[in-house]
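Notes to accompany the following structure.
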Amino acid sequence: MDQQPQDRVVVIDEDNASCSLVSRLLATLNYATPDCLSPDSADEAMKRANYDLAFIDITASRRGGIELARRLRNKLPHCVTILMSCQASFDDAVEAMRSGAHDILRKPVDGHELALALNRYQEQKRLRARVLQAEKQYVRLVQNIPVLVFSLRPDMSLAFVNQASQELLGYQPFEAVIEPRWLPSRLHPDDSERMLVQLAAAMDCRSPFTSQCRLIHRSGQTIHTLIKSISCSATEDEGPLLQGVILDITDRVLLEQALIQEEKLKTLQVISEEVAHEVRNPLTSIAGFATRLGRKHPESGETTEIILMEARRLEKLLNRIRNYLSPVRVTQQACAMNTLLTECVHLLFMDLQKQGVWCVLDLAQDLPQVFADPDLLSQVCVNLMLTSLREMPSGQVLTIRSFSSGGAVQVQFRYQAAAGAGSQDPEKLFMPFDQGGQSLGLALAYRLVQNMGGLLTFSMESGQSVFTASLPRLSREGGMLFSERRLAPSTTTSVRTSPRASVGECSFEELLDREWVLALRKRDPIALILADVDHFESYIGMYGRKHAEEALQRIFEALKSSLRRPADFATRLSEQQFAAVLPDTNEFGALIVAETLRQGVADQAILHEGARLAGKLTISVGVASFIPSNETTSLDLLAEASRSLYQAKLKGRNRVYAPGMKAEESSTGKAKAG
83 MDQQPQDRVV
93 VIDEDNASCS
103 LVSRLLATLN
113 YATPDCLSPD
123 SADEAMKRAN
133 YDLAFIDITA
143 SRRGGIELAR
153 RLRNKLPHCV
163 TILMSCQASF
173 DDAVEAMRSG
183 AHDILRKPVD
193 GHELALALNR
203 YQEQKRLRAR
213 VLQAEKQYVR
223 LVQNIPVLVF
233 SLRPDMSLAF
243 VNQASQELLG
253 YQPFEAVIEP
263 RWLPSRLHPD
273 DSERMLVQLA
283 AAMDCRSPFT
293 SQCRLIHRSG
303 QTIHTLIKSI
313 SCSATEDEGP
323 LLQGVILDIT
333 DRVLLEQALI
343 QEEKLKTLQV
353 ISEEVAHEVR
363 NPLTSIAGFA
373 TRLGRKHPES
383 GETTEIILME
393 ARRLEKLLNR
403 IRNYLSPVRV
413 TQQACAMNTL
423 LTECVHLLFM
433 DLQKQGVWCV
443 LDLAQDLPQV
453 FADPDLLSQV
463 CVNLMLTSLR
473 EMPSGQVLTI
483 RSFSSGGAVQ
493 VQFRYQAAAG
503 AGSQDPEKLF
513 MPFDQGGQSL
523 GLALAYRLVQ
533 NMGGLLTFSM
543 ESGQSVFTAS
553 LPRLSREGGM
563 LFSERRLAPS
573 TTTSVRTSPR
583 ASVGECSFEE
593 LLDREWVLAL
603 RKRDPIALIL
613 ADVDHFESYI
623 GMYGRKHAEE
633 ALQRIFEALK
643 SSLRRPADFA
653 TRLSEQQFAA
663 VLPDTNEFGA
673 LIVAETLRQG
683 VADQAILHEG
693 ARLAGKLTIS
703 VGVASFIPSN
713 ETTSLDLLAE
723 ASRSLYQAKL
733 KGRNRVYAPG
743 MKAEESSTGK
753 AKAG
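For the sequence shown, position 98 (counting from the first letter as 1) is numbered 180 according to our numbering, and the numbering increases by one without interruption.
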């Protein structure tokens, strides 16, 4: 048996000879010399020493060794106890187990029996260490998982919440746990009653539920969430507990709203163009005939004047539509949102003072820059402020707040509208057809924000009107941080392929960005395959451009055939280079696809006498797979795949290479994930 220097052992027995015997036997088993104590001195020694293993005579002390073992167990819970008895009976064994003893030995102690007992002790110690390690891993997982995990009592107080409460809602876990009814207090007022009923029902019937609701961040920001619970379970200490998770789906909700907004604008544009075209011609005829009628029959002056007045009104409406639909030139660049908001407030200072309205700026520190047109963005902010001023009574407060949320920077304009002056119908709020002339500014702001890749919405919160503009923040590369709403095609409908470096209306970079964002949100891996045709320049020289293009098309067909899943897509990056994006794919899976592709091209047997070794067209393939993080971008994935492709070329062509492969694996036909 290996020496166990970390095990501190104590023998508690009134018989010194017995203590000496156990000490000698332990020494033969490579254990350190134990402390030998009398029962009377054991209690005092237990206060000072931290023992791992204790041998106790069952008759030790006036109250018995079993009682002494219980006291030791209470003071040192991790200490394993082995009782010793001259005449151990079945009752003694039962009582020993009840006291928490690990084993019982007959006296005088036999070396073989002691070795067996110590083997059982070491096995229990290893199991205890494994359980402790599993508990630590579980705690680490629960505390670091990017969703809020909670346990809720029947009185709606929290029994547990993980560290995600800080990131999601701005509260440390201990703050949330000690505050009574913390979760109900974070519910949005419009969702509170519905969610409390659902939570109570789930607690009563102990059944799982899933519901979407809004929560209020500590800073006042509205967070769109999805709450999922598991079956309610009861514990001895806490009673019934409702356990579940809360996921932040704010970006998804904004994406859905942006898609709806974009479709509305497209529909509006089609209808408006048709209406303007069809109405203008008869309107011109009506106005012309009314003018002639007035000249020919002066006595009908009042009637003709009404006709002309209504014709002019319709003409203004058509002009409003024409102006709204006219193209807007957008020049996007880095913009400091807080600076721009401050300048807009200074610009409208006299209007604020005249209206008797206080403006409060609640601007987030270290706010990321936005990717927008500064002139158009200023116009949007001024329009929203003027709209707010028109609806506010004197003495009220206009709060302008900026904050970052996911890949967007959001600006809120919040105010209390005068009675009867608030926006009653959000659906018509951004339409350009209102008679009063006040809605055109909002309609234009709506369109400008949309053209800059953002989203403008209106809502009523706690009786206050709230305009929210969401704009893409600047990426580390100096462009717009990719917004999922820019790509309408679903990633789960069909294999998307194209003979050029774009798919549909979207460039390859945009599609790669979109898949990167989805993988980042789901914490899934994403793989990129780059393939380059070997010795292609010499092939063109020998066989001509026409045959070269036919060969490339056959290679591209082989690439498409190697993609089996609906979410995978392929494209042609340049004349002789191809790419495939594989969502939810690690390096092992990507290598399988890459080798299938390489072999598929080889099986085409496209004759190429200029390729001296192979005698046919071949490809070199580079593979990279990342699990996206906030510190990496899709450009990092592209760079890694490019390095892999270079290594495949460097190692002799007609092969697959990935960063995780060993040198001997990066050979023809041996692409495997080790």
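From the three backbone atoms N, C-alpha and C, an ideal C-beta is built for every residue, glycine too.
Residue j and residue i - do their beta-carbons sit closer together than 8 Å?
| i | j | result |
| --- | --- | --- |
| Ala661 | Thr653 | yes |
| Leu445 | Ser470 | no |
| Met128 | Leu158 | yes |
| Val683 | Arg555 | no |
| Leu466 | Phe495 | yes |
| Ala613 | Gln686 | no |
| Lys310 | Val327 | yes |
| Ser589 | Pro271 | no |
| Leu400 | Ala369 | no |
| Val531 | Leu480 | no |
| Tyr133 | Val92 | yes |
| Thr539 | Gln303 | no |
With a threshold of 16 other CB atoms inside 10 Å of the CB of residue i, please say whether the residue is buried or exposed.
| i | result |
| --- | --- |
| Gln492 | buried |
| Trp264 | buried |
| Arg411 | exposed |
| Ile305 | buried |
| Ala740 | buried |
| Ile148 | buried |
| His194 | exposed |
| Val599 | buried |
| Ala230 | Contrary to the premise, residue 230 reads as Leu rather than Ala in this sequence. Classification of Leu230: buried, given that the 10 Å Cβ count is 16 or more. |
| Asn226 | exposed |
| Thr386 | buried |
| Gln294 | exposed |
| Val31 | This structure gives no information on residue 31, because the portion of the chain shown stretches from 83 to 756. |
| Gly734 | exposed |
| His160 | exposed |
| Ser267 | exposed |
| Met285 | buried |
| Gln414 | buried |
| Tyr113 | buried |
Among the options, which one has its Cα closest to the Cα of residue i?
| i | options | result |
| --- | --- | --- |
| Gly489 | Asp117, Arg296 and Leu537 | Leu537 |
| Ser707 | Leu717, Ala676, Pro607 and Gln635 | Pro607 |
| Lys628 | Asp616, Val243 and Glu657 | Glu657 |
| Leu468 | Tyr497, Val452 and Asp455 | Tyr497 |
| Ala246 | Leu329, Ser293, Leu269 and Ala283 | Leu329 |
| Gln435 | Leu443, Glu425 and Ser476 | Ser476 |
| Lys398 | Arg276, Val361 and Phe512 | Val361 |
| Ile622 | Ala630, Asp616 and Val615 | Ala630 |
| Glu177 | Arg152, Arg208, His617 and His428 | Arg152 |
| Glu249 | Lys731, Leu610, Arg300 and Val738 | Arg300 |
| Ile611 | Arg377, Thr550 and Leu679 | Leu679 |
| Leu634 | Thr700, Pro665 and Ser644 | Thr700 |
| Glu96 | Thr141, Val221, Arg603 and Glu126 | Thr141 |
| Met166 | Gln447, Ala393, Val104 and Pro255 | Val104 |
| Met418 | Leu154, Glu381, Pro456 and Asp273 | Before going further, note that residue 418 is Ala rather than Met in the sequence given. Answer by Cα proximity: Pro456. |
Is residue i helix, strand or coil by DSSP?
| i | result |
| --- | --- |
| Cys295 | strand |
| Thr481 | strand |
| Gln517 | Confidence at Gln517 is low in this model, with a pLDDT of 42, below 50, so the placement of that residue is unreliable and no value is reported for it. |
| Lys310 | strand |
| Phe638 | helix |
| Lys698 | strand |
| Ala490 | strand |
| Pro380 | helix |
| Cys426 | helix |
| Ile674 | helix |
| Met238 | coil |
| Cys417 | strand |
Return the bridge partner residues of residue i from the DSSP annotation.
| i | result |
| --- | --- |
| Ser167 | Arg188 |
| Ile94 | Leu119 and Ile138 |
| Leu664 | Ala609 |
| Ile305 | Leu297 |
| Gln204 | Bridge partners of Gln204: none, in fact. |
| Trp440 | Val479 |
| Val738 | Val703 |
| Val326 | Before going further, note that residue 326 is Gly rather than Val in the sequence given. According to DSSP, Gly326 bridges with Phe232 and Ser311. |
| Arg555 | Val452 |
If we cut at 8 Å on Cβ distances, does residue i have a partner in chain C?
| i | result |
| --- | --- |
| Glu345 | Absence of chain C from the displayed structure is noted, only one protein chain being present. |
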